[in-house]
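K.L.:
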Amino acid sequence: MKQKVAIIGGGVGAITTAYAITCQPDWQDRFELTIYQMGWRLGGKGASGRNLSQSGRIEEHGLHIWAGFYDNSFRLMRQAYEELVSEGLRASDAPLARLEDAFVGLSHFFIADEARDESGNPVLRPWRFDFEPNDLVPGSGGALPTPFGFLRLALAQVSQLLERSGMPAAPMRAQRYLPDLSAFGLTAEAASPLHLLRNLVDRLPGDLRFLDAGEMALFSALVGEAQDWQTSLRQSAALDDDQRRTGYIISLTLAFCRGMIAEGGFKAGFDAIDDWEISDWLLHHGASREAVYSALFRGCYDYVFGFAGGNTAQRSMGAGTAIRGLLRLAFTYKGHLFYRMQAGMGDTIFAPYYQLLQKRGARFCFFNAARRLIPDATAYDIAAIEMVEQARPKGDTYDPLIDVAKLPCWPSAPLWDRLEDGEALANAAPDFECEKTPPEGRAWRLEKGRDFDLVVLGASLGSLSYLASDLIAVSPRWRTMTEKVRTVATHAAQLWLDRSAQDLGWNALAGGTAPGAPEDLRTVITSFSEPLDTWADMSDLLPREGWAAPGPMSIAYFCSPCTDDADRATIAADTRAWADRDLIRMWPGAVRDGRFDASILHAPGAVDDDARWAAQYYRRNLYGSERYVLSVPGSVEYRLAPDDCGFSNLFLAGDWTRCGINAGCVEAATISGLMAARGLTGRPIEIVGETDLGPDFIPGASQSLTSPYAPTAPWPLTPFFATGSIDGWFSFHAVDAAALSQVLPPGMRLHAQGLTPPGTHPVALLANRQIGVRLSAQPAFTGYPDYLEAIIAINHVAIDGIPGLFSYLPNLYLNSRVPQLVGVGFYGYNKRMGRLSMTGSDYHVASPTGQAIWSGDYQQNGFERRLMNSPECGAVEALCQQIVVSQHPVMGWRFSSFDFNLTAARIAPVHARIRINDSNLAQLPAGEMSAQPLTMTGPGQAMRHVGLPGAFRIRTAWTLSNPFDSGRLRVLQENRTYVK
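So for the sequence shown, the numbering used here puts the first residue at 24; every next one is plus one.
1) Which residue marks the beginning of the beta strand (DSSP E) containing Ser748, and which one marks its end?
2) Bridge partners for Val655 per DSSP, in chain order?
3) Alpha carbons only, please: which of Ala120, Arg917, Ala790, Leu798 is nearest the one belonging to Ala974?
4) From which residue to which residue does the alpha helix (DSSP H) around Leu129 run?
5) Span of the alpha helix (DSSP H) holding Leu697?
6) Let me make sure I understand the geometry here. Which of Leu624, Gly69, Tyr641, Leu957 has the alpha-carbon closest to that of Ala634?
7) Helix, strand or coil for Leu740, going by three-state DSSP, please let me know.
8) Would the beta-carbon of Phe373 fall within 7 angstroms of that of Leu65?
9) Nearest by alpha-carbon distance to Leu231: which of Ser188, Gly287, Glu812 is it?
10) Can you list, in chain order, the residues of its chain with a C-beta nearer than 8 angstroms to that of Glu713? Leave out the 5 residues immediately preceding and following it.
11) Taking only runs of the beta strand (DSSP E) that begin and end inside the region 965-990, which ones reach a length of at least 3 residues, in chain order?
12) Would Asn672 and Ile405 be called neighbours here (beta carbons separated by less than 7 angstroms)?
13) By DSSP, does Met340 sit in helix, in strand, or in coil?
14) What does a CB cutoff of less than 6 angstroms around Arg415 pick up in its chain, not counting 5 residues either side in sequence?
15) Could you give the uninterrupted runs of the alpha helix (DSSP H) lying entirely in the region 833-860, keeping only those of 4 residues or more?
16) Around the Cβ of Asp263, are there at least 16 other Cβ atoms within 10 angstroms (buried) or fewer (exposed)?
17) Over what stretch of residues does the alpha helix (DSSP H) that includes Tyr326 continue unbroken?
18) So, for Glu900: in the same chain, excluding its five sequence neighbours on each side, which residues have a beta-carbon less than 6 angstroms away from its beta-carbon?
19) Return yes when the Cβ of Pro156 is within less than 7 angstroms of the Cβ of His359, no when it is not.
20) Start and end of the beta strand (DSSP E) containing Leu469?
21) Could you give the DSSP three-state label for His84: helix, strand or coil?
22) Just how far apart, CA to CA, sit Val652 and Arg509?
23) Please confirm whether Asn644 and Thr505 have their CB atoms less than 7 angstroms apart.
24) How do the region 513-526 and the region 572-585 stand: do at least 3 beta-carbon pairs fall below 8 angstroms, yes or no?
25) Using the beta-carbon count (16 or more within 10 Å), is Asp988 buried or exposed?
26) Helix, strand or coil for Pro948 per DSSP?
27) Quick one, which of Leu555, Ser920, His867, Asn838 has its alpha-carbon nearest Thr335's?
28) Taking the straight line between their C-alpha atoms, what separation do you get for Ala496 and Ala402?
29) Let me make sure I understand the geometry here. Which of Leu56, Trp439, Gly528 has the alpha-carbon closest to that of Pro149?
30) Which one of Lys854, Ser920, Gly329 has the shortest CA to CA distance from Leu828?
31) Counting only runs that start and end within the region 228-268, where is the beta strand (DSSP E) found for 3 or more residues in a row?
32) In its own chain, which residues sit with a C-beta less than 7 angstroms from the C-beta of Phe207, not counting the 5 before and 5 after it?
33) Taking the alpha-carbon positions, what's the Ala757 to Ala310 distance?
34) Under 6 angstroms Cβ to Cβ from Gly846, same chain only, skipping five residues before and after it: list those, please.
35) Which two residues bound the contiguous beta strand (DSSP E) that contains Thr57?
36) Specify the secondary structure class of Asp94 as computed by DSSP and reduced to three states.
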């Protein structure tokens, strides 16, 4: 029996789902499709209309430009256009008969960069970005680069920018890295630290999971060197505009690299860093404030309306989603960077889809709006859908399209003569699309089993407050999703002008301040002044509109986010004031008497400036499906998957779902629609770009040893391990590297690392009380008496001939003989007896004769919390959980693993001051060292400084591997992949 599918909504996601279902050869044997659409047209926030009282001009919700990386969207549209002709729905010589007729490529854009003239006054200097066209076909698919693959592409591009800019490169001769670089066949010399980093990245394996921790440390160290070089260059050199801008790009790229290393993004994908706001994340990982707050990076926010509440002072984009989108945009486009539609989005996208779906047998019910989805009593299925009929067509169906300039189009208002009581409705002029309140009309109901079996919810996130109120009430997932995933209001303006952009002075301004082909300046510019920060010259749409001669010479589209309390009634006045104040800076040829010259606005029949301004098109998108979906930090994990939303017969389609891109754009909605169709049909529908990574890595035999921790490691003797608890203080310090090298045994060396300044190396000190130490098989009461132990660890050491990254303990002083003998005899630790004392905030270590060795003063400045509450948690884990190497006098190198149970550890941040009294016994240089407190989250979400983590008091349980596990741990480290 056929299953009835009710599709709610007509935006990109919903229509893609319907199209993908009907592409299946047997769909008519399996399904009956009905699409229920509020109002008279498809499109959602991508809907456009033709104003028949204004020569059929195109009126959009906002600016819509397709990116060249929209693989799924272009593949489906290419198929649709070919089918339009093959099915006889469009003549081969008709307007927009082919995809190439419907889209025209654009390979550059502008940023509205501000600079200072010789007098110090601000001047607008458009910054042009050119992207070389390629021979790839939009929609042709293929594998996307991994996050690390994107880094390779970015470093190659940035290195070329550096070379072209003429910036001083500062050749690098970093001999201290030579032992580690030589393993990759590299020398320590390069044109700049950036070039040396690029050389290493080109030699690393494409999947960083195959890197050992030592190789990863070298990678991180070279990133740090490049960042230090770029910082010194920025501070010391007088840079021209081109060099300043190149410096921004270098700074942002290096911060991306460092952050992805630190946060594990190269292995786990971009979602691993999406809890961060992108600007905060880049600053945290070393990007300059000038770069992050440049017009260039501001443009990234403008591109996706990425501002909380529409307030452009409140940036709000998840770091992973932002970086994924930017990298796909810049490095995976096919043909051109962008594509401009050659008619309205409704005409170019939704009219072809509508015609094909109708031809295939899908049923459309216009003016039928869903108001409420009702789950059954068990909250397992959707049992019913409450609907309203807004208007009733004459006859069985409503014919929604009209022809303008020989092209099927959607009108900007209902075709009243095709509706019952059309004249009365036209006089009342109801706004069928407004969702300030839920849609109204004659109430009726869809019932499961009678009217539908399966539901596709293709409505926008902004409509769910009324549509899904019952689902939100019974499902914590739905409730949390609607709380975490946000939308923003937008506004837009369209101006028709009797002057070209060149007449308005744009070409002279842009051509005089930006390199690039001067004959092609029709483009998009963003990062301009609010309230309309983005302009697109859309004059190529003029042939598709129906103007009588003399028609307009150009069309300008503007858009921007707006606040929720914006007044729809003031958009025209706001636009006019902005044009008088700001637009004339970009169009100096539009000035008259110090203001915008309204006489150049195309407005047939207008007798004054007020009428000319009134004749243009404006809109504020404040409600429901009009609103734009944001990608705010921390929201990705709460998005619902199109095929897994918690109700068995409900599928979701829209850019608000978890769909791989997770951002407001056509491609995200298309992927979501394909995922919904795949889940609904059970067929293997092709989807490009739904994940960041390639096929999952399948471990071989050596990877079966991947747990270094005693309780979980798969080895017969592992159940017998040491365990106990500690109460003490951790602090981390940058110590003279030459002095540390002197205490390492032969065959061991300091490994390259990027945590401390050049010439220094990280050392960890743990001053603690050991509590309840025993073998795991012993009852607790049979363990050792409590004792004090002071540990010094040199982190990031390497052993000749053994891959991996280790910690070495040059000395451990304690005041209990039995654990001292066990540590020396079984583990090869440099355990020594001493006199130790621990009071409220002080710790003292002395020799058995009373000679002071070192001491610590620890002043707590915060409350005790779990380590997981600190943004430095990952940095602490990376240092404290390194496998420990020691040299046994008989058995040679020995390997052991401490697990401090850091995920559950209770910690409190402290100021630490360390005094080394005896350099020979401490094996550290004499003098004082200090460490700042560990950063904890709190008001404003404090960020971690880049480098060593802060100091803290710790109370936690620990385990230590069985000494007979040494060989297993060596094999593990030799075969271990980099897992952050």
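C-beta atoms are modelled at their ideal positions from N, C-alpha and C, and glycine is treated no differently.
P.N.:
In short:
1) As a first step, residue 748 must be located in the sequence shown, where it is residue number 725. Per DSSP, Ser748 belongs to the beta strand (DSSP E) from 745-759.
2) In the sequence shown, the residue the question calls residue 655 occupies position 632. Val655 is not bridged to any residue.
3) Taking the sequence shown and counting its residues from 1, the one referred to as residue 974 is at position 951. Among Ala120, Arg917, Ala790, Leu798, the Cα nearest to that of Ala974 belongs to Ala790.
4) On the sequence shown, position 106 is the one that residue 129 refers to. Careful: Leu129 lies outside any alpha helix (DSSP H), inside the beta strand (DSSP E) at 126-129.
5) Along the sequence shown, one-based indexing puts residue 697 at 674. First-last of the alpha helix (DSSP H) with Leu697: 689-704.
6) Here residue 634 is taken as the residue at index 611 of the sequence shown, counted from 1. When only C-alpha atoms are compared, the closest one is Leu624.
7) As a position in the sequence shown, residue 740 is number 717, starting the count at 1. Because Leu740 sits at a pLDDT of 41, beneath the cut-off of 50, its placement in the model cannot be relied upon, and the point is left open.
8) Taking the first residue of the sequence shown as 1, we reach residue 373 at position 350. Taking the first residue of the sequence shown as 1, we reach residue 65 at position 42. Cβ distance < 7 angstroms, so Phe373 and Leu65 count as in contact.
9) Locating residue 231 in the sequence shown gives position 208, where the first residue counts as 1. When each option's Cα is compared against that of Leu231, the closest is Gly287.
10) Here residue 713 refers to the residue found at position 690 of the sequence shown. Once the five neighbours on either side are set aside, the close Cβ partners of Glu713 are Cys682, Gly683, Ile694, Met698.
11) 975-983
12) Sequence index remark: in the sequence shown, residue 672 carries index 649 (1-based). Sequence index remark: in the sequence shown, residue 405 carries index 382 (1-based). Yes, these two residues count as a Cβ contact at 7 angstroms.
13) Locating residue 340 in the sequence shown gives position 317, where the first residue counts as 1. Coil.
14) Translated into the one-based positions of the sequence shown, residue 415 becomes position 392. Closer than 6 angstroms at the Cβ level, and outside the excluded window around Arg415, lie Glu443.
15) 840-845
16) Mapped onto the sequence shown, residue 263 falls at position 240. Asp263 is exposed by the Cβ-count criterion.
17) Sequence index remark: in the sequence shown, residue 326 carries index 303 (1-based). Tyr326 -> alpha helix (DSSP H) spans 318-326.
18) Mapped onto the sequence shown, residue 900 falls at position 877. Once the five neighbours on either side are set aside, the close Cβ partners of Glu900 are Leu925.
19) Locating residue 359 in the sequence shown gives position 336, where the first residue counts as 1. Locating residue 156 in the sequence shown gives position 133, where the first residue counts as 1. A contact, by the Cβ cut-off of 7 angstroms.
20) Along the sequence shown, one-based indexing puts residue 469 at 446. That run of the beta strand (DSSP E) goes 465-470.
21) On the sequence shown, position 61 is the one that residue 84 refers to. Of the three classes helix, strand and coil, the one that applies to His84 here is coil, per DSSP.
22) Position 629 of the sequence shown, counted from the first residue, corresponds to residue 652. Position 486 of the sequence shown, counted from the first residue, corresponds to residue 509. So the two alpha carbons sit approximately 6 angstroms from each other.
23) Counting from one through the sequence shown, the residue named residue 644 turns up at place 621. Counting from one through the sequence shown, the residue named residue 505 turns up at place 482. Cβ distance not < 7 angstroms, so Asn644 and Thr505 don't count as in contact.
24) yes
25) Walking along the sequence shown from the start, residue 988 turns up at place 965. Classification for Asp988: buried.
26) Start at 1 with the first residue of the sequence shown, and residue 948 comes out as number 925. Coil at Pro948, not helix or strand.
27) The residue labelled residue 335 in the question sits at position 312 within the sequence shown. Nearest option by C-alpha distance: Leu555.
28) Counting from one through the sequence shown, the residue named residue 496 turns up at place 473. Counting from one through the sequence shown, the residue named residue 402 turns up at place 379. Using only the alpha carbons, I get a separation of about 10 angstroms.
29) Along the sequence shown, one-based indexing puts residue 149 at 126. The option with the nearest alpha carbon to Pro149 is Gly528.
30) Translated into the one-based positions of the sequence shown, residue 828 becomes position 805. Checking every option, the nearest Cα to that of Leu828 belongs to Ser920.
31) none
32) The residue you call residue 207 lines up with position 184 of the sequence shown. Answer for Phe207: Leu223, Arg226, listed in chain order.
33) Residue numbering aside, residue 757 sits at position 734 when the sequence shown is read from its first letter. Residue numbering aside, residue 310 sits at position 287 when the sequence shown is read from its first letter. The straight-line gap from Cα to Cα measures roughly 22 angstroms.
34) Reading the sequence shown from its first residue, position 823 is the one you call residue 846. These residues qualify, in order along the chain: Tyr852, Lys854.
35) Taking the first residue of the sequence shown as position 1, residue 57 is located at position 34. Segment 54-60, the beta strand (DSSP E) holding Thr57.
36) Here residue 94 refers to the residue found at position 71 of the sequence shown. In this structure, Asp94 counts as helix in the three-state DSSP scheme.
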